[in-house]
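Residue numbers (the numbering used here): 27 to 222. The C-beta atom is built at its ideal place from N, Cα and C for all residues, glycine as well. See below for the structure under consideration.
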């Protein structure tokens with residue numbers, strides 16, 4: 027069996043699956059003819075965007091999704107308001123969020139306030155801004171991936187997420203990929219970047 031590996035920039039509004047669900051766009055709408063046995067490793071919500079890995083390699087799927095391996099993922103997060111040092115400290119040390127109606131204490135995270143907005147493609151549709159309310163960007167690196175975790179975390183410290191872009195998984199970065207772009211990569215390169 028030949029294993030294949032694809033990186034994509036999942037655009038805003040697209041579901042991280044090939045199967046249809048209502049009128050939302052899916053991975054099947056990407057301009058690429060994927061082999062039938064390819065599937066996404068993990069997911070990004072429809073209202074999130076960025077790096078998504080697709081493969082037919084079940085070993086890699088387990089390595090990246092099994093919590094015991096603690097692969098780090100970095101997100102660029104635009105929040106409503108000028109995020110404070112106090113809020114960043116709380117995110118770093120861990121906050122309590124609700125997962126399936128139960129409290130969950132997040133693991134410590136790396137948080138970096140970004141002085142300049144990251145160089146990302148424009149979002150379509152654009153983020154709606156409120157006049158006279160500033161926004162700010164942080165880079166947030168997690169070792170866990172609970173449902174809508176980043177959004178729940180920033181909301182817990184008083185700064186709701188406006189735009190969420192997964193920038194990297196370990197050393198695999200979004201780089202210059204554009205929304206809906208697909209790039210096939212070699213196993214050796216990918217496993218080295220992922221430290222598998």
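Requested in this report: Grab me the residues of residue 178's own chain with a C-beta within less than 6 Å of its C-beta, minus the 5 sequence neighbours each way, in chain order.
Outcome: Translated into positions along the chain shown, residue 178 becomes position 152. If you ignore the 5 residues before and after residue 178, its C-beta comes within less than 6 Å of the C-beta of 123, all in its own chain and listed in chain order.
**Request:** Specify, as a first and last residue, the run of the beta strand (DSSP E) that residue 102 falls within.
**Result:** Start at 1 with the first residue of the chain shown, and residue 102 comes out as number 76. Where residue 102 is concerned, the enclosing beta strand (DSSP E) stretches over 99-106.
- Using the C-alpha atoms, what's the distance from residue 141 back to residue 79? Taking the chain shown and counting its residues from 1, the one referred to as residue 79 is at position 53. Taking the chain shown and counting its residues from 1, the one referred to as residue 141 is at position 115. Distance from the CA of residue 79 to the CA of residue 141, rounded to the nearest whole angstrom, comes to 29 Å.
_Reduced DSSP category for residue 219 - H, G, I as helix; E, B as strand; rest coil_ = By one-based count along the chain shown, residue 219 stands at place 193. Residue 219 sits in a helix when the DSSP states are folded into three classes.
> By a C-beta neighbour count over all protein chains shown, 10 Å radius and 16 as the cutoff for buried, is residue 193 buried or exposed?
Replying inline: For the purposes of this step, residue 193 is taken as the residue at position 167 of the chain shown. Residue 193 should be labelled buried.
Check: Could one say the Cβ of residue 92 lies closer than 8 Å to chain C's Cβ atoms, at least one of them?
Finding: The displayed structure is made up of one protein chain only, and chain C is not part of it.
Per DSSP, residue 122 is paired with what?
In the chain shown, residue 122 corresponds to position 96, counting from 1. DSSP lists 131 as partners of residue 122.
Item to check | Pick from 217, 208 and 212 that is closest to residue 77, judged by C-alpha positions | outcome: Counting from one through the chain shown, the residue named residue 77 turns up at place 51. Closest option to residue 77, Cα to Cα, is 208.
Review point. Residue ranges of each beta strand (DSSP E) run of no fewer than 3 residues wholly in the region 148-212, ordered along the chain?
Key: 161-168, 187-195 and 208-211
**Message:** On a Cα-Cα basis, can you pick out the residue from 27, 147 and 213 that is closest to residue 202?
**Reply:** Against the chain shown, residue 202 aligns to sequence position 176. Nearest of 27, 147 and 213 to residue 202, Cα basis: 147.
Cβ pair residue 144, residue 185 closer than 8 Å: Against the chain shown, residue 144 aligns to sequence position 118. Against the chain shown, residue 185 aligns to sequence position 159. Not in contact: residue 144 and residue 185 (Cβ atoms no closer than 8 Å).
Inter-residue CB distance, residue 72 and residue 40 (contact presumed, cutoff 8 Å)
Here the question's residue 72 lines up with position 46 in the chain shown. Here the question's residue 40 lines up with position 14 in the chain shown. That belief holds up - the Cβ atoms of residue 72 and residue 40 are roughly 7 Å apart, short of 8 Å.
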